[in-house]
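Visitor: Here you go, one structure.
In our numbering, the protein residues as written are 4 to 370.
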């Protein structure tokens, strides 16, 4: 289951013949030639923005987690439904932001922020039963030049080319994620210790934050395998403690916690829904094609809430995957000023609602 900037609105498409069908658009994106000027500018204009600032990362994580857990405790302890709901909403938004640092962990160099990965797992990943193992060595496949948008991409579905009913189904299934994670850590992982086929199945099918149902995860090896062991152990012990405590002292805290994480997962699924145009039909794409199939929302007033930790600049992130989140707004400003209304500007959109509307219209054309 952040960066601020103010830019001119994206250029409007020129008047012309009726828009092409989604499948035709997807094929055109796959055949898009690389804009070498844009790619060169992305590298040359942002060299001084590549360093991850430890002070920003640590303060942001600790404040977000602190507010999240404080609001969650208040939601559990307060009397009255309305105050509990309000505190729950604050908790969901703050923990959602804290959770999304899992995305940063997959891109920053292991030596860039000493102790940050361990602290994030201890403070957020394990308590929410979503440790970094579920994204590390998975999300980077989404950025692989020959995998993006293909059947081998764990984070891609051609939603714009699917039936209309798939969109609400895609969103609401996120509500089941916290309960599924609880079952996974409390039951399936411990059983997998004594049932190797189950352990293999859980690892391949239920150990990655993936939206592609055909994705099968490769076995963990080396240092990563040792990290997986300790993270799985921590999650299983915590999940069993939560269940035991609920049997002993009541289910209210656990149910409220599940509801809070469910809402955070729902927010993330909505964000995922508009992170890309989802118009690729499975062909390998150029970097520019991947960029144009991705989305920047530089001006949306609520974007820092539904796309925090720099994810409002998702298209730019696909140009510069290792760019720390706190540098994306400045990088976007520089590239927009330098490139003007060119290929770069075509990936910018005014907000969440227009993107959802565009996706719905694409699916409606397929009936």
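Think of the CB as a built atom: it goes at the ideal place given N, C-alpha and C, for glycine as much as any other residue.
All values derive from a computational prediction rather than experimental measurement.
Is the region 235–248 touching the region 124–136, taking contact as three or more C-beta pairs under 8 Å?
Guide: yes
Visitor: At the level of alpha carbons, what is the spacing between residue 76 and residue 270?
Guide: Residue mapping note: residue 76 aligns to position 73 of the chain shown, counting from 1. Residue mapping note: residue 270 aligns to position 267 of the chain shown, counting from 1. Cα-Cα distance, rounded: 21 Å.
Visitor: According to the Cβ coordinates, are residue 350 and residue 318 closer than 7 Å?
Guide: Numbered from its first residue, the chain shown carries residue 350 at position 347. Numbered from its first residue, the chain shown carries residue 318 at position 315. Their beta carbons are under 7 Å apart, which means residue 350 touches residue 318 by this criterion.
Visitor: Determine, using beta carbons only, whether residue 366 and residue 38 come nearer to each other than 7 Å.
Guide: In the chain shown, residue 366 corresponds to position 363, counting from 1. In the chain shown, residue 38 corresponds to position 35, counting from 1. No. Outside cutoff.
Visitor: When you compare only the Cα positions, how much space is there between residue 64 and residue 272?
Guide: Within the chain shown, residue 64 is the residue found at index 61, counting from 1. Within the chain shown, residue 272 is the residue found at index 269, counting from 1. So the two alpha carbons sit approximately 21 Å from each other.
Visitor: My guess is that residue 94 and residue 263 are in contact by the Cβ rule of under 8 Å, so how many angstroms apart are they, rounded?
Guide: Locating residue 94 in the chain shown gives position 91, where the first residue counts as 1. Locating residue 263 in the chain shown gives position 260, where the first residue counts as 1. Going by Cβ atoms, the distance from residue 94 to residue 263 rounds to 5 Å, so yes, they are a contact pair.
Visitor: Below 8 Å on the Cβ atoms is my contact criterion, and I expect residue 347 with residue 41 to pass it. Report the Cβ-Cβ distance as a whole number of Å.
Guide: Indexing the chain shown from 1 puts residue 347 at position 344. Indexing the chain shown from 1 puts residue 41 at position 38. Indeed they touch by this definition, with Cβ atoms about 5 Å apart.
Visitor: Just checking my contact of residue 68 with residue 101 at CB under 8 Å: how many whole Å lie between their CB atoms?
Guide: Translated into the one-based positions of the chain shown, residue 68 becomes position 65. Translated into the one-based positions of the chain shown, residue 101 becomes position 98. About 5 Å separates the two Cβ atoms, so the contact holds.
Visitor: Is it buried or exposed for residue 84, if we count other Cβ within 10 angstroms and need 16 for buried?
Guide: On the chain shown, residue 84 is found 81 positions in, with the first residue counted as 1. Exposed, by the Cβ-count rule.
Visitor: Just the Cα atoms here: how many angstroms apart are residue 150 and residue 81?
Guide: Your numbering for residue 150 matches position 147 in the chain shown. Your numbering for residue 81 matches position 78 in the chain shown. Cα to Cα, residue 150 sits roughly 48 Å from residue 81.
Visitor: Tell me whether the region 95–114 and the region 150–166 touch, counting them as touching only if at least three CB pairs, one residue from each stretch, are closer than 8 Å.
Guide: no
Visitor: What residues are listed by DSSP as bridge partners for residue 351?
Guide: Stepping through the chain shown from its first residue, residue 351 is reached at position 348. DSSP, once it has assigned bridges, lists 299 as partnering residue 351.
Visitor: State yes or no: is the C-beta of residue 209 within less than 7 Å of the C-beta of residue 99?
Guide: The count along the chain shown starts at 1 and reaches residue 209 at position 206. The count along the chain shown starts at 1 and reaches residue 99 at position 96. Taking 7 Å as the Cβ cut-off, residue 209 and residue 99 do not qualify as a contacting pair.
Visitor: Would residue 343 and residue 153 be called neighbours here (beta carbons separated by less than 7 Å)?
Guide: Taking the first residue of the chain shown as 1, we reach residue 343 at position 340. Taking the first residue of the chain shown as 1, we reach residue 153 at position 150. Their beta carbons are not under 7 Å apart, which means residue 343 does not touch residue 153 by this criterion.
Visitor: Could you have a look at residue 159 and say whether DSSP puts it in helix, strand or coil?
Guide: By 1-based counting over the chain shown, the position of residue 159 is 156. Looking at residue 159 - three-state DSSP - the assignment turns out to be coil, as it is neither helix nor strand.
Visitor: Can you tell me whether residue 199 is buried or exposed? The criterion is at least 16 other CB atoms within 10 Å of its CB, across all chains shown.
Guide: On the chain shown, residue 199 is found 196 positions in, with the first residue counted as 1. Exposed.
Visitor: For residue 279, name the three-state secondary structure that DSSP assigns.
Guide: Within the chain shown, the letter at position 276 stands for residue 279. Correct three-state label for residue 279: strand.
Visitor: Starting from the N-terminal side, write out each stretch of the alpha helix (DSSP H) that is 4 residues or longer and does not extend beyond the region 34–58.
Guide: 39–47
Visitor: Tell me whether residue 295 is buried or exposed, calling it buried when 16 or more other Cβ atoms sit within 10 Å of its Cβ.
Guide: Reading the chain shown from its first residue, position 292 is the one you call residue 295. Buried, because 16 or more other Cβ atoms sit within 10 Å of the Cβ of residue 295.
Visitor: Where do the ends of the alpha helix (DSSP H) carrying residue 192 lie?
Guide: In the chain shown, residue 192 corresponds to position 189, counting from 1. For residue 192, the enclosing alpha helix (DSSP H) covers residues 192–197.
Visitor: Which first and last residues belong to the alpha helix (DSSP H) in which residue 145 is found?
Guide: Residue numbering aside, residue 145 sits at position 142 when the chain shown is read from its first letter. Per DSSP, residue 145 belongs to the alpha helix (DSSP H) from 142–145.
Visitor: Give the DSSP-derived three-state secondary structure of residue 138 in the structure shown.
Guide: What you label residue 138 is simply residue 135 of the chain shown in a count that begins at 1. In the structure shown, residue 138 sits in coil (DSSP, three-state: anything other than H, G, I, E or B).
Visitor: Thinking just about the alpha-carbon of each residue, which of 140, 321, 124, 48 is nearest to the one in residue 297?
Guide: Taking the chain shown and counting its residues from 1, the one referred to as residue 297 is at position 294. The residue with the shortest Cα to Cα distance from residue 297 is 321.
Visitor: I'd like the list of long-range same chain contacts for residue 1, defined as Cβ closer than 6 Å, with 5 residues on each side in sequence excluded.
Guide: With the chain covering 4 to 370 only, the question about residue 1 has no answer from this structure.
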